[in-house]
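Remarks on the structure that follows.
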Amino acid sequence: MNTSKLRVIIVEDEYHSRETLKGFLETYCPETEILDTASQVAEAVQKITHHRPDLVFMDIELQTGTGFEVLQQVTDLDFHLIFTTAFEHYAIQAIKFSSIDYLLKPIDLDELIAAVAKAKKRVQSQSRQSLLENLLQNMLGGSSEFKKICLSTAEGIEFIPTREILYCEANGSYTDFHLVDKRKLVVSKNLKEYENLLGDFNFMRVHNSFLINLGEVKKYVRSEGGYIVMNNEKQVAISGTKKEEFLRRMGI
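Taking this note's numbering, the leading residue of the sequence shown gets -9, the next gets one more, and so forth.
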């Protein structure tokens, strides 16, 4: 066995999808070695536990349960995970929140190759288990107030509860996260991506440059065209087209 290869398990209950993915990996991803496949929750748990793979492709919906049930039952989550799903599943937001990769079926070959290359780079990462634990917490936890978003910075990976974000500020192709504890985290994704992720968690894009936590607004000032003051006294500009929505959401 070539130990430099990514050792893979495929968890997929649809025969055609399983064989297609297997064929793609064998033909176009020579850096992978398929150890085994599984189609049911209990079988997947047993095989992942036995083989201790580097990479698992996991269908979200299985005939006997879900991929999340597999993760709950595996005691050692030390592997890179790529979810597969045939549609925009309700869980996709939690998956994105936790910085976990996913592929929509039918799987696009170029996207698969890119995902495997990313997994190869992450194979020695010490954060793999933390990413999966955060995913389970986001999926199975209670109030959305306590959801944690995974932010990858130059220093490492941080898991930040959404309630601890004051506002996000556009910084070219980067986003600056300003936190309640006065820290600033710089993340290499643009503000639009976080607008999509945080929109359901009481955040609002009030300006091209600002995405704010509405729960951290101190006051709205009508003079000088109108602006917002956050709890840390930061003055945030608001676009004219956003004022009506902002005031409505604030109950003003």
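No residue lacks a Cβ here, since even glycine has one placed at the ideal position from N, Cα and C.
- Under the 10 Å beta carbon count, residue 197 is surrounded by 16 or more other beta carbons and is classified as buried.
- As DSSP reads the structure, residue 195 sits in a beta bridge with 201.
- Rounded to whole angstroms, residue 236 and residue 89 show a C-alpha spacing of 29 Å.
- For residue 67, no alpha helix (DSSP H) run applies, since DSSP gives it neither H nor E.
- In the three-state scheme derived from DSSP, where H, G and I count as helix and E and B as strand, residue 72 is classed as strand.
- Assigned with DSSP and collapsed to three states, residue 222 falls in coil, not helix or strand.
- Bridge partners of residue 165 according to DSSP: 160 and 177.
- The C-beta separation of residue 84 from residue 125 comes to about 6 Å, placing the pair in contact by the 8 Å criterion.
- Look at residue 55 here: in three-state DSSP terms it is strand.
- Between residue 52 and residue 61, the C-beta spacing is not below 9 Å.
- Beta-bridge annotation (DSSP): residue 140 is paired with 149.
- A distance below 9 Å separates the beta carbons of residue 74 and residue 94.
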